[in-house]
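Per our numbering, the very first residue in the sequence shown carries number 22; after that it's consecutive. Cβ atoms here follow ideal geometry from the backbone N, Cα and C, with glycine treated the same way. Note that this is a predicted model, so its numbers are computed, not measured.
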Amino acid sequence: MRSLLAIAAKQRWKLFQMDVKSAFLNGDLEDKVYMKPPPRLNHPPNKACRLRRALYGLKQSSRAWYAKFSAIVSDFGFTLSQQDTTLFIHKTTRGMVLLLLYVDDMIITGDDIAGVEDLKQSLSQKFEMKDLGVLSYFPGLEVNSSDDGYLLSQVKYDFNFISKAELNDSKSVSTPLEPNVKLTPMDDSLLSNHTHYRQLVGSLVYFTTTRPDIEYVVHIVNQFMAALCSTHYAAVLHIIHYVKGTLFHGLHFSTH
């Protein structure tokens, strides 16, 4: 997604978003899958139902949906990117249209505006689609556009994370790690409860999508999942205090 935003910003392309309703139900099953009939359904005893389409919860559903979608956009003239299996590209006589798929959400951009509209209409004829207009929010990520490019951030996610960490009233700090701090295994006595630490670090890892300024320190604290000490936990809290003071930071993709 970051690469696509960088290209769109440089080329001054608009970004659009669409959503597929009940995407997994569109997938065709290649394997034979049987299920017990739902309660109260008039069905012969000792009989099972064979599924013709994928259902949510089946291990095959995601793959079946991707195969279905790929085949359809291929019929539209799109080819799969060699660098990213979720990026589809269509070169037209008027320019180019790019489509990025994330489960049931998609970003559409390019310099062929007529081609973008044709794609929207074609998708709506094949699936139950929802046109979300200009891209502003993509699962967990916020996109703000301006004359000088796009800003990718996670402000809403950050707010929720800090609330769950119960650090709303804490003070912010100016650096992601204390100066001259070197974390090593067995810095202090081991802590027995690793669950909370792992949850916090997992969220911080997700933040690095738009926050390269914390990527290095998050990589450091991520190394101590199995042997957690109080100094490691304190370092994680310090990172969160830094995030709290820099909530509106993100990645800016410039037009220049």
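Nearest neighbour of residue 198 by Cα position, chosen from 104, 239, 189 and 166, turns out to be 239. Listed in chain order, the beta strand (DSSP E) runs fully inside the segment 92-168 are 108-112, 117-123, 126-131, 150-155 and 162-167, counting runs of at least 3 residues.
By the criterion of at least three beta-carbon pairs nearer than 8 Å, the segment 45-53 is not in contact with the segment 26-37.
Within the segment 240-266, no beta strand (DSSP E) run of at least 3 residues lies entirely inside it.
Straight-line measurement puts the Cα of residue 94 at about 43 Å from the Cα of residue 218.
Residue range 170-174 is occupied by the beta strand (DSSP E) that includes residue 171.
Inter-residue distance for residue 115 and residue 148 is about 26 Å (C-alpha atoms, whole angstroms).
Looking from the CA of residue 195, the closest CA among 270, 76, 141 and 127 belongs to 270. Residue 220 sits exposed, since fewer than 16 C-beta atoms from the chains shown fall within 10 Å of its C-beta. The beta-carbon separation of residue 91 and residue 101, rounded to 7 Å, stays under the 8 Å limit for a contact.
In this structure, the alpha-carbon of residue 89 lies about 29 Å from that of residue 68. The beta carbon of residue 155 is closer than 8 Å to those of 35, 36, 37, 38 and 166 in its chain, skipping five residues each way along the sequence. Nearest Cα to residue 96 within the set 144, 126 and 135: 144.
Following the DSSP letters along the chain, one finds residue 275 in no alpha helix (DSSP H) but inside the beta strand (DSSP E) bounded by residues 272-275.
Per DSSP, residue 38 is one residue of the beta strand (DSSP E) stretching across 36-41. Under the three-state reduction of DSSP, residue 211 is assigned to strand. One alpha carbon belongs to residue 253, the other to residue 200, and they sit about 15 Å apart. In the structure shown, the three-state DSSP call for residue 55 is strand. Taken through DSSP and simplified to helix, strand or coil, residue 234 comes out as helix. Residue 44 sits buried, since 16 or more C-beta atoms from the chains shown fall within 10 Å of its C-beta. Closest in C-alpha terms to residue 136, from the list 119, 213 and 128, comes 119. Residue 170 counts as buried, since at least 16 other C-beta atoms from the protein chains shown sit within 10 angstroms of its C-beta. If you look at residue 81, you'll find it isn't in any alpha helix (DSSP H); DSSP assigns it neither H nor E. Counting the other CB atoms within 10 Å of its CB gives residue 130 a total of 16 or more, which places it among the buried residues.
The Cβ atoms of residue 174 and residue 262 do not sit closer than 7 Å to each other.
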